[in-house]
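Chemist:
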Amino acid sequence: MTEQELPSRTAAVCTESSVGPATKALLQAADLKSANFVFEFGSGSGGLADLLLSTVLHAECQYHAVDQSSVQVELTQQRLNKHGKRAHVRQINGDLTQAAENVPDGAADVFLSTYVLDILSDQDIDAVLCLAHRLVCPGGHLCLVGLTYGNTPVSKLASGKTPSLMPFPQCTTTL
């Protein structure tokens with residue numbers, strides 16, 4: 477894959493119907509095409525990881541993901557097996573500070589977490605942000621997506637917010 481192909485492939489990912497508007501905004505804002513190491517906190521079933529590894533990230537990029545659910549870790553492992561040694565996933569149990577115990581400080585170009593901080597306690601959110609601070613290299617990106625007001629009547633009702641009450645989130649920050 478040439479350098480010129482990467483931006484168009486990122487755009488293609490952003491048109492996938494399986495990626496919601498906030499995640500699309502994050503993918504458009506994040507510098508994924510040049511990332512050598514991506515760390516995902518809360519991999520879920522591995523759908524986003526698979527999509528990125530298949531379509532956006534270059535062939536040498538390493539992808540490390542963690543999740544607290546053994547079921548989600550198993551689903552992610554199954555989904556990412558086709559990516560070989562580029563993809564690593566493991567279960568974390570309780571102590572979030574140990575989520576990346578084998579990852580060196582400053583190793584990640586991108587720290588990614590979608591819809592996870594919404595379900596954590598304030599203490600756990602602090603632990604995740606401290607982990608991100610430790611892992612992200614200078615000039616790297618902290619990429620977070622949380623709940624938004626939604627774009628359909630049902631999702632607006634579920635979030636209890638309207639567009640005038642909750643602005644669209646800032647999705648990426650350079651550390």
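For my numbering, add 476 to where a residue sits in the sequence shown, where the first one is 1.
Note that CB positions come from ideal geometry on N, CA and C, so glycine has one too.
Mind listing, in chain order, the continuous beta strand (DSSP E) runs of no fewer than 3 residues lying wholly within the segment 556–616?
Modeler: 563–567, 584–590
Chemist: Provide the residue span of the alpha helix (DSSP H) that contains Ala525, from first to last.
Modeler: 523–531
Chemist: Tell me the residue span of the alpha helix (DSSP H) that contains Gln544.
Modeler: Counting along the chain, Gln544 falls outside any alpha helix (DSSP H), and DSSP gives it neither H nor E.
Chemist: For a quick check, are the C-beta atoms of Leu572 and Val604 less than 8 angstroms apart?
Modeler: yes
Chemist: Is the CB-CB distance between Thr590 and Leu503 below 8 angstroms?
Modeler: no
Chemist: Provide the residue span of the beta strand (DSSP E) that contains Glu516, from first to last.
Modeler: 513–517
Chemist: For His559, which of Arg566, Ala575, Leu529, Gln599 has the nearest alpha-carbon?
Modeler: For the residues Arg566, Ala575, Leu529, Gln599, the minimum Cα distance to His559 belongs to Leu529.
Chemist: Quick check: Gly622 and Leu593, are their CB atoms within less than 8 angstroms of each other?
Modeler: Yes, they are a contact pair.
Chemist: Using only alpha-carbon positions, find the residue among Leu527, Phe517, Pro580 that is nearest to Val549.
Modeler: Phe517
Chemist: Pull up the distance between the alpha-carbon of Leu527 and that of His540, whole angstroms please.
Modeler: 14 angstroms
Chemist: Using only the alpha-carbon positions, how far apart do Ala498 and Asn578 sit?
Modeler: 30 angstroms
Chemist: Within 10 Å of its beta-carbon, does Val547 have 16 or more other beta-carbons around it, so buried, or fewer, so exposed?
Modeler: exposed
Chemist: Please state whether DSSP places Val495 in a helix, a strand or coil.
Modeler: coil
Chemist: Measuring only the C-alpha atoms, how far is Ile568 from Asp598?
Modeler: 18 angstroms
Chemist: When DSSP labels each residue in this structure, what does Leu620 get in the three-state scheme?
Modeler: strand
Chemist: Nearest to Ala583 by alpha carbon, out of Gln544, Thr531, Gly616?
Modeler: Gly616
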